[in-house]
RNA sequence: CGGAGCGUAGCGCAGCCCGGUAGCGCAUCUGCUUUGGGAGCAGAGGGUCGCAGGUUCAAAUCCUGCCGCUCCGACCA
């Protein structure tokens, strides 16, 4: 069933009799709230057949996502809000680490890829396109060539280094078998950063900055992402880590030392110009590896039996140092202090932004639905009016809705005339961190119910306490 | 890319073998009764049966081709 939650009057028409402007969408400087009756949230009661893993199933049921073709999705409003929140966290942490944002196009000229000799090498996963002039284009699966082209066009001197440029853009890889929803789509949103340094020593400093930025990025999303030694893959190079979150339903097997789960994540006051080596060393000291590079002998020698973890994981980021792999064939050189031209040493650093939406759900859900970490939740609070039309509950809800907004809290206000049970089920499904449940029974005692989605705990509090708790 | 399936109402499915006016549940709409964990009753609307061709008096059903999607495996952020 597809229930388009849209009931009530035409939102484009404010009745003349209205004594107030009925705004369905409240946007203050700090918050963006919605009335469910005016939102677009097509919740599915039944599980769509095509979804195999839990995150995909929940994204479809929660009205976040619509499949348009194999591995290609439309992001519905609720899903889009999560995507944007994740994107923004990635952006803030990249900026904090000194990377500079730009935006490259999705389409690239084939000639660019011929320079690095990857046009032929990439194979059928690359979507190749011809324009009306029969020029060969491709939908970019990654952007090393293009960023190198941009870099070499402008940067001449070592004095402009180090430089780290990144963008957050849609990519396309024509997977033979797309599956698992956004976890392995063909079109996906990715943050990719590219570092440029005069030599390997400099490149390793850049690498470390991204390493630390990734620790912070994933921690902010409520994830324990573990850096694991990785194969360098088709991009090449000799230093690489995958950042993996543990989830039973993960795509690959992982082995690690339990200690790595409790390491401290650097605070936002971390000095990216300082020496980050101790942090990287600390995080790479405990054994942690995916099964394709797993060394059972070492694992058993280094990790005491009670600290061995063998489970599955989802890759949410990967960082590479690849040296002069692109700068040599593409002639991206700068003049060094000695007056000699040198190819730059590069690295690339990806975060699967759209994949993270699914990965977070894999790591945080229960039977009833999603449990969003607050930092990425589409709304912080779900406000449930259990008896729409009752003047007391309506008034109490309207007041809470306005006041939470005034205090900068994102609220999804379920003001529909659904029955209480349906509202509970829908709210649990979409997984907002907090539910404020307002009904006649509680209001008789001047109380509403405050429920925390993460652990299901609930308590009866006054509306004033709700404000104090949710908008301190 | 090997193997296996599936396309019938918004979603989940039956009907196909054995050809004969397209059905069920949920959802939607109307009315009444309900109202703190996915309500009940009564009524209503909604389908080029994936597309094209063929066989036949007659095709959702049989035959051929194509398209789309899913699952297992190999592969991958």
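Numbering (this note's numbering), first residue to last: 8 to 479.
Beta carbons: idealized from backbone N, C-alpha and C, even for Gly.
Every value quoted in this text rests on a predicted model; they were computed, and no experiment measured them.
Rounded to whole angstroms, how far is the Cβ of residue 367 from the Cβ of residue 385, which I believe are closer than 8 Å?
-> The Cβ separation is near 12 Å, so there is no contact.
If you draw a straight line from the alpha carbon of residue 310 to that of residue 446, how long is it in whole angstroms?
-> 54 Å
Pair within 8 Å by beta-carbon distance, residue 320 and residue 254 = yes
So which of 426, 434 and 236 has the shortest CA-CA distance to residue 302?
-> 236
CA-CA distance, residue 74 and residue 94?
-> 21 Å
Apply the 10 Å Cβ neighbour rule to residue 241 and answer buried if 16 or more other Cβ atoms are within range, or exposed otherwise.
-> Note that residue 241 scores 49 on pLDDT, short of 50, meaning its location in the model is unreliable; the coordinates nonetheless yield the value given after this. Burial check for residue 241: the Cβ neighbour count within 10 Å stays below 16, so the residue is exposed.
Can you tell me the Cα-Cα spacing of residue 59 and residue 336, whole angstroms?
-> 43 Å
Alpha helix (DSSP H) containing residue 360: first to last residue?
-> Secondary structure note for residue 360: its alpha helix (DSSP H) is the uninterrupted segment 360-370.
Taking the C-alpha atoms as reference points, what is the distance between residue 165 and residue 261?
-> 40 Å
Please list the segments of the alpha helix (DSSP H) lying wholly inside the stretch 404-468, counting only runs of 4 or more residues, in order along the chain.
-> Complete alpha helix (DSSP H) runs here, min 4: 427-437 and 447-451.
Check residue 174 in the structure and name its three-state DSSP category.
-> It is a strand residue.
Do you know offhand how far residue 466's Cα is from residue 459's?
-> 9 Å
Coarse secondary structure for residue 241, derived from DSSP in three states = With a pLDDT of only 49 at residue 241, under the threshold of 50, the placement of this residue in the model should not be trusted; the figure read from the coordinates follows. Residue 241: helix per DSSP, three-state reduction.
For residue 120, I'd like the list of residues in its chain whose CB is within less than 6 Å of its CB, leaving aside the five on either flank, ordered along the chain.
-> 126 and 152
Name the DSSP bridge partner or partners of residue 143?
-> 137
For the stretch 273-281 against the stretch 331-349, are there 3 or more C-beta pairs whose distance is under 8 Å?
-> Fewer than three pairs of CB atoms, one per stretch, sit closer than 8 Å, so the stretch 273-281 makes no contact with the stretch 331-349.
In chain order, what residues of the same chain lie with their CB nearer than 8 Å to the CB of residue 343, ignoring the 5 residues before and after it?
-> 165, 205 and 349
Select from 146, 162 and 286 the residue whose C-alpha is nearest the C-alpha of residue 234.
-> That would be 286, whose Cα lies nearest to the Cα of residue 234.
DSSP three-state call for residue 111: helix, strand or coil?
-> coil
With distances taken from CA atoms, which of 297, 149, 41 and 77 is nearest residue 248?
-> When each option's Cα is compared against that of residue 248, the closest is 297.
Mind checking residue 161: buried by the 16 CB within 10 Å criterion, or exposed?
-> exposed
Can you tell me which of the three DSSP states residue 256 falls into?
-> coil
Simplified DSSP assignment, three categories, for residue 151 | helix
Does the stretch 352-363 touch the stretch 195-209, meaning 3 or more C-beta pairs lie closer than 8 Å?
-> yes
Buried or exposed: residue 54, going by 16 or more other Cβ atoms within 10 Å of its Cβ?
-> exposed
CA-CA distance, residue 390 and residue 412?
-> 12 Å
The alpha helix (DSSP H) with residue 119 in it runs from where to where?
-> 117-122
From residue 106 to residue 99, what distance separates their C-alpha atoms?
-> 10 Å
Quick one: is residue 439 buried, meaning 16 or more other Cβ sit within 10 Å of its Cβ, or exposed?
-> Label assigned to residue 439: buried.
Given 8 Å as the limit, is there contact between the stretch 128-138 and the stretch 61-70, that is, 3 or more CB pairs closer than that?
-> no
Through-space distance from residue 443 to residue 455, alpha-carbon basis | 7 Å
Within 10 angstroms of the Cβ of residue 141, are there 16 or more other Cβ atoms? Answer buried if so, exposed if not.
-> exposed
Which whole runs of the beta strand (DSSP E) in the stretch 193-248 are 3 residues long or more, in chain order?
-> 194-204 and 232-236
Straight-line gap, residue 180 to residue 393 (C-alpha atoms, nearest Å) = One alpha carbon belongs to residue 180, the other to residue 393, and they sit about 46 Å apart.
Is there contact between the stretch 358-378 and the stretch 185-193, where contact requires at least three CB pairs shorter than 8 Å?
-> yes
Under the three-state reduction of DSSP, which class applies to residue 82: helix, strand or coil?
-> Here DSSP, grouped into helix, strand and coil, assigns residue 82 to strand.
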